[in-house]
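If you want our numbering, it's the 1-based position in the sequence shown plus 169. Here the structure comes first, spelled out in structure tokens, and everything after it is commentary.
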Amino acid sequence: MSETRDQYPFVPFQAVSFSPDESMERARSFYHFMNRRRSVRDFSDRPVPRELIEQLIMTASTAPSGAHKQPWTFCAVSDPDIKRKIREAAEKEEYDNYHGRMTEEWLRDLAPLGTDWHKPFLEIAPWLIVVFKKVYDVADGEKRKNYYVNESVGLATGFLLAAIHHAGLVALTHTPSPMNFLQKILGRPENERPFLLIPVGYPTPDARVPELKRKAPEEVIAWY
Ligand code: IYR
């Protein structure tokens with residue numbers, strides 16, 4: 170038993186418990202639900218209330234993190250001027266990516282997704298959630314270490330995508346590269362580095378997504 174357990178407050182764990190049959194049924198139905206999530210690029214401009222975005226982000230922020238530091242900031246952008254600046258900067262980088270910076274192999278791998286340097290969704294989607302990782306924290310003017318920052322922020326972003334899907338909205342995990350322009354446009358402090366840019370909203374009624382298959386159990390699981 171940990172030697173510090175008596176020195177810090179602990180509370181009873183509020184277990185969520187089901188019968189084995191219920192667990193199996195919930196696991197199946199959650200899989201089928203999650204398997205319907207798709208990255209969407211055809212966004213409608215239908216508004217999404219700020220309270221809904223806040224609720225989704227609070228779910229993201231329940232993710233586990235190294236030493237419970239929660240080393241993330243979710244910037245929620247609806248301001249049209251800021252969205253335009255982000256689009257302009259992202260398209261500038263992406264133009265260079267698609268015209269020489271990405272390898273032939275990379276371009277071939279992307280071809281089935283139908284992407285190019287145009288990123289209109291960055292202005293059309295009602296919200297852009299820009300996820301920042303805090304490589305360290307600052308408290309009382311002093312640097313404090315964070316741990317497993319990429320793992321932690323990746324987990325929180327996964328929770329965010331699940332929450333978005335659960336609420337009937339769609340998202341795109343967008344990775345303009347390089348994306349330090351986000352730090353500048355949003356005026357984030359030195360300890361915050363951009364991690365992912367996630368447009369959030371509703372799909373257009375005629376939205377289309379690439380036909381893709383997900384790997385089978387034997388391709389993604391090794392049993393021992
Ligand atoms: N960041 C570029 C290229 C791109 C890269 C990967 I890996 C993708 O899965 C999709 C796109 C873009 O957003 O177009």
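Every residue, glycine too, gets a C-beta built ideally from N, C-alpha and C.
Where the beta strand (DSSP E) through residue i begins and ends
i: tryptophan 241; result: 241-246
i: alanine 280; result: Segment: none, alanine 280 is in no beta strand (DSSP E) and carries neither H nor E.
i: valine 307; result: 305-308
Residue span of the alpha helix (DSSP H) that contains residue i, given as start and end
i: glutamate 361; result: Where glutamate 361 is concerned, there is no enclosing alpha helix (DSSP H), although the beta strand (DSSP E) it sits in stretches over 361-370.
i: tyrosine 264; result: 249-265
i: tyrosine 200; result: 189-203
i: leucine 324; result: 318-335
i: leucine 225; result: 219-229
i: glutamate 380; result: Looking at the DSSP string, glutamate 380 is not in any alpha helix (DSSP H), and its letter there is neither H nor E.
i: lysine 353; result: 350-354
Local Cβ density within 10 Å of residue i, reported as buried at 16 or more and exposed below that
i: leucine 381; result: exposed
i: tryptophan 392; result: exposed
i: leucine 276; result: exposed
i: leucine 341; result: buried
i: threonine 173; result: exposed
i: proline 216; result: exposed
i: histidine 343; result: buried
i: proline 368; result: buried
i: leucine 282; result: exposed
i: glutamate 263; result: buried
i: lysine 288; result: buried
i: phenylalanine 187; result: exposed
i: alanine 184; result: exposed
i: proline 218; result: exposed
Three-state class that DSSP yields for residue i in the structure shown
i: valine 180; result: coil
i: alanine 340; result: strand
i: valine 299; result: strand
i: valine 389; result: helix
i: arginine 270; result: helix
i: glutamate 311; result: strand
7 angstroms Cβ shell around residue i - same chain, five flanking residues per side excluded
i: isoleucine 354; result: Ile251, Lys254, Ile255 and Ala258
Distance, residue j Cα to residue i Cα
i: arginine 313; j: tryptophan 241; result: 14 angstroms
i: phenylalanine 301; j: phenylalanine 328; result: 15 angstroms
i: threonine 228; j: alanine 332; result: 7 angstroms
i: phenylalanine 364; j: valine 322; result: 8 angstroms
i: phenylalanine 394; j: glutamate 260; result: As displayed, the chain neither begins before 170 nor continues past 393, which places residue 394 out of reach and without an answer.
i: aspartate 248; j: glutamate 194; result: 42 angstroms
i: aspartate 278; j: aspartate 211; result: 21 angstroms
i: glycine 310; j: proline 189; result: 51 angstroms
i: valine 246; j: glycine 370; result: 12 angstroms
i: isoleucine 390; j: valine 180; result: 35 angstroms
Close-in-space but distant-in-sequence residues of the same chain around residue i (CB under 6 angstroms, 5 per side omitted)
i: tyrosine 316; result: Gly235 and Ala236
Contacting residues, own chain, Cβ-Cβ under 8 angstroms from residue i (five flanking each side not counted)
i: proline 374; result: Ser213
i: glutamate 292; result: Pro249, Lys252, Arg253 and Arg256
i: valine 209; result: Val339, Ala340, Leu341, Pro372, Ala376 and Val378
i: phenylalanine 182; result: none
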